[in-house]
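Each residue of the sequence shown is one higher than the one before, counting from 1 in the UniProt record's numbering.
Cβ coordinates follow ideal geometry from the N, Cα and C atoms, glycine included.
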Amino acid sequence: MEIERKFLVDRLPEHLEQYDTQQLEQAYLCTDPVVRVRRQGDEYILTYKGKGHMVREEYNLPLNEQAYEHLLEKADGNVIRKRRTRIPWQSYMIELDIFEAPFEGLMLAEVEFETELEAVAFIPPEWFGRDVTFEKEYHNSTLSRKGFD
């Protein structure tokens, strides 16, 4: 089960260069339900996500590079490329995504939680912008279809 909140980012936090950053590439084989392939460094993953916004099922399966490339060719819509920076904050790990074209300028921060109660009680750092957890247009699966519907 994934319990996650998502926020727009108005401005980047200070000293961003001190944190680990990784390039991600992902594409969607289906958006209802969500079936995604992702390359993260030299790791390849097939993900299924159930319905929902803040709380939903999520299953990850490892892929090899050949399987990833094969499935990537079958993806619908945009291939999403972004730079992810993992920022420890209090007892949480913030995942800051800075998107590349065609979504250049979009910056989102995601935080995962152990419980729904913890997610609801979360007070974000001051550099977070609007909470878009329940706004479907900021889901990566929706972005993948942008311009194709």
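Suppose contacts are defined by Cβ-Cβ distances below 7 Å. Is threonine 85 in contact with leucine 72 by that definition?
Position 85 of the sequence shown, counted from the start, is the residue given in the question as residue 85. Position 72 of the sequence shown, counted from the start, is the residue given in the question as residue 72. Not in contact: threonine 85 and leucine 72 (Cβ atoms no closer than 7 Å).
Burial state of aspartate 149, where buried means 16 or more other Cβ atoms lie within 10 Å
Position 149 of the sequence shown, counting from 1, holds the residue named residue 149. Because aspartate 149 sits at a pLDDT of 45, beneath the cut-off of 50, its placement in the model cannot be relied upon, and the point is left open.
Could you pull the DSSP bridge partners for glutamine 40 from this structure?
Start at 1 with the first residue of the sequence shown, and residue 40 comes out as number 40. In DSSP, glutamine 40 forms a bridge with Leu24, Glu43.
Every unbroken alpha helix (DSSP H) within the UniProt domain "CYTH" (1–144), with a cutoff of 4 residues, ordered by chain
Within the UniProt domain "CYTH" (1–144), the runs of alpha helix (DSSP H) that reach at least 4 residues and sit entirely inside it are, in chain order, 65–72, 116–121.
Work out the CA separation of glutamate 116 and arginine 109 for me, nearest whole Å.
Looking up residue 109 in the sequence shown gives position 109. Looking up residue 116 in the sequence shown gives position 116. The sequence as given places alanine at residue 109; arginine does not occur at that position. Linking alanine 109 to glutamate 116 through their CA atoms gives a straight-line distance of about 18 Å.
Roughly how far, in whole angstroms, is the beta-carbon of arginine 130 from the beta-carbon of phenylalanine 7, given that I think they are within contact range, below 8 Å?
If you number the sequence shown from 1, residue 130 lands on position 130. If you number the sequence shown from 1, residue 7 lands on position 7. Going by Cβ atoms, the distance from arginine 130 to phenylalanine 7 rounds to 7 Å, so yes, they are a contact pair.
In angstroms, rounded to a whole number, what distance separates the CA positions of glutamate 65 and isoleucine 80?
Sequence index remark: in the sequence shown, residue 65 carries index 65 (1-based). Sequence index remark: in the sequence shown, residue 80 carries index 80 (1-based). Inter-residue distance for glutamate 65 and isoleucine 80 is about 17 Å (C-alpha atoms, whole angstroms).
Our contact map puts glutamate 4 next to valine 111 with C-beta atoms below 8 Å; I'd like the distance itself, whole angstroms only.
In the sequence shown, the residue the question calls residue 4 occupies position 4. In the sequence shown, the residue the question calls residue 111 occupies position 111. Glutamate 4 to valine 111, Cβ: 7 Å. Contact.
Applying the 10 Å Cβ sphere with the 16-neighbour rule, what's the burial state of tyrosine 19?
Taking the sequence shown and counting its residues from 1, one reaches residue 19 at position 19. That one is exposed.
Integer Cβ distance of glutamine 26 from glycine 41, believed to fall under 8 Å
For the purposes of this step, residue 26 is taken as residue 26 along the sequence shown, with counting starting at 1. For the purposes of this step, residue 41 is taken as residue 41 along the sequence shown, with counting starting at 1. In fact, because the Cβ distance is near 13 Å, the residues do not count as touching under 8 Å.
Got a sec? Which residues, its chain only, sit under 6 Å from glutamate 104 by beta carbon, not counting five neighbours each side?
Walking along the sequence shown from the start, residue 104 turns up at place 104. If we look at glutamate 104 and ignore the five residues flanking it on each side, it has no Cβ neighbours.
Just how far apart, CA to CA, sit glutamate 126 and methionine 93?
Locating residue 126 in the sequence shown gives position 126, counting from the first residue. Locating residue 93 in the sequence shown gives position 93, counting from the first residue. If you take the alpha carbons of glutamate 126 and methionine 93, they lie about 15 Å apart.
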